[in-house]
Structure formats: structure tokens, C-alpha cells
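Here the structure is laid out as C-alpha cells; the discussion comes afterwards.
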Amino acid sequence: MSPSDSVFARLIAVIEDRKANPPAKSYTTSLLAGGVPKITAKISEEAAEVVAAASEPGDAGRAHLIYESGDLLYHLFVLLAHRDIPLTEVETELARRFGVSGIDEKASRGKGDRGSGSEGGRLADQ
Numbered sequence: 009m010s011p012s013d014s015v016f017a018r019l020i021a022v023i024e025d026r027k028a029n030p031p032a033k034s035y036t037t038s039l040l041a042g043g044v045p046k047i048t049a050k051i052s053e054e055a056a057e058v059v060a061a062a063s064e065p066g067d068a069g070r071a072h073l074i075y076e077s078g079d080l081l082y083h084l085f086v087l088l089a090h091r092d093i094p095l096t097e098v099e100t101e102l103a104r105r106f107g108v109s110g111i112d113e114k115a116s117r118g119k120g121d122r123g124s125g126s127e128g129g130r131l132a133d134q
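Numbering follows this note's numbering, with no gaps: position 53 of the sequence shown is 61.
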């Protein structure tokens, strides 16, 4: 297990604990109580900050991108917990796409597919 796996697992465990046993003074609890609208607003905010940080040059820009990426991942994990989606289901979806070109993966989707047109199928191109 890599250090990031254990950190992700520990973070998800804390989020799940906050969901099951919500302390009054917890940022995670307040996000979960606000539901999808509050959580997704934060995800939008954090995604914009990631995009801005990605354009910053040098070591300071790199550090800022890492910091903002952590915020984005945390808020995504809160959303997944709120919707009762374990990270293993996201991993399964990414594994399904591994070895499939982005073009082929996108073409395989039906019109009723809820995919957003993202480039997740490009895992094979990495």
C-alpha cells in the first residue's frame, strides 16, 4: 500500500465516521448536512482553484497545485460519501477504462449514458 492509499483510506474513514456520528463542530458534518448543493458548490470552487494553480509557474505554483488538489479530492470524497459511493466503485470504473483508448471509450457510450464526455478513457494513453 502506498502512502497516498493509506492517507486516502484514513480520510475516507474519517468522513464516513462524521457521516455516521456527526459532531456539532465539524466542517465535514456541515458539508454533509448541506447535501449535494453545498458539497458541489465547494467542488466547483476548488476545481476553479486547481485550474488557476495549474497555471502558476515554478516551485510555488507546483506547491499551490498540490495544495488545491488536496482540497478538491477531500470535497470529492465528501460527495462520494454523501451519495454512498465507495471509492472502490470509482476504482472499478477506472479499471474498466484502463487499456481502452479515450476515443473508443467515448464511442462505446450510448446516447442515454450519463457520461459527461470526460477524457477518463485516456488511461491507456498515459
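No residue lacks a Cβ here, since even glycine has one placed at the ideal position from N, Cα and C.
C-alpha distance - Arg117 paired with Leu88, whole-angstrom precision | Residue mapping note: residue 117 aligns to position 109 of the sequence shown, counting from 1. Residue mapping note: residue 88 aligns to position 80 of the sequence shown, counting from 1. One C-alpha to the other measures close to 23 Å.
Thr36: buried (16+ other C-beta within 10 angstroms of its C-beta) or exposed?
-> For the purposes of this step, residue 36 is taken as the residue at position 28 of the sequence shown. The residue is buried, with at least 16 neighbouring Cβ atoms inside 10 Å.
Check the C-beta distance from Val86 over to Ile47 and give it rounded, since I have them as a contact under 8 Å.
-> If you number the sequence shown from 1, residue 86 lands on position 78. If you number the sequence shown from 1, residue 47 lands on position 39. With a Cβ gap of about 6 Å, Val86 and Ile47 count as contacting.
Mapping DSSP to helix, strand and coil, what is Pro45?
-> In the sequence shown, the residue the question calls residue 45 occupies position 37. If DSSP states are grouped into helix, strand and coil, Pro45 belongs with the helices.
Out of Pro30, Ile111, Ser52, Pro31, which has the shortest C-alpha to C-alpha gap to Leu81?
-> Here residue 81 refers to the residue found at position 73 when the sequence shown is read from its first residue. Here the closest residue by C-alpha is Ser52.
Asp79, enclosing alpha helix (DSSP H) - first and last residue | As a working mapping, residue 79 is identified with position 71 in the sequence shown. According to the DSSP assignment, Asp79 belongs to the alpha helix (DSSP H) that extends over 66-90.
Report the option in Glu24, Tyr75, Glu54, Arg104 whose CA atom is closest to the CA atom of Ile93.
-> Your numbering for residue 93 matches position 85 in the sequence shown. Answer by Cα proximity: Glu24.
Euclidean distance between Cα positions of Glu7 and Ile74 | No answer is possible for residue 7: it lies beyond the span of the chain, which begins at 9 and ends at 134.
To the nearest angstrom, how far is it from the Cα of Asn29 to the Cα of Ser38?
-> Taking the first residue of the sequence shown as 1, we reach residue 29 at position 21. Taking the first residue of the sequence shown as 1, we reach residue 38 at position 30. Distance between the alpha carbons of Asn29 and Ser38: 12 Å.
From this set, Gly78, Ala60, Ala32, which residue's C-alpha is nearest Leu19's C-alpha?
-> One-based indexing of the sequence shown puts residue 19 at position 11. The option with the nearest alpha carbon to Leu19 is Gly78.
Just reading off the alpha helix (DSSP H) that Val108 is part of, what are its end residues?
-> Translated into positions along the sequence shown, residue 108 becomes position 100. No alpha helix (DSSP H) contains Val108, which DSSP labels as neither H nor E.
Separation of Ala60 from Val15, as counted between CA atoms = Mapped onto the sequence shown, residue 15 falls at position 7. Mapped onto the sequence shown, residue 60 falls at position 52. Approximately 25 Å, taken between the alpha carbons.
Measure the Cβ-Cβ separation of His90 and Val44 and say whether it is below 8 Å.
-> In the sequence shown, counting from the first residue as 1, residue 90 sits at position 82. In the sequence shown, counting from the first residue as 1, residue 44 sits at position 36. For His90 and Val44, yes; Cβs fall inside 8 Å.
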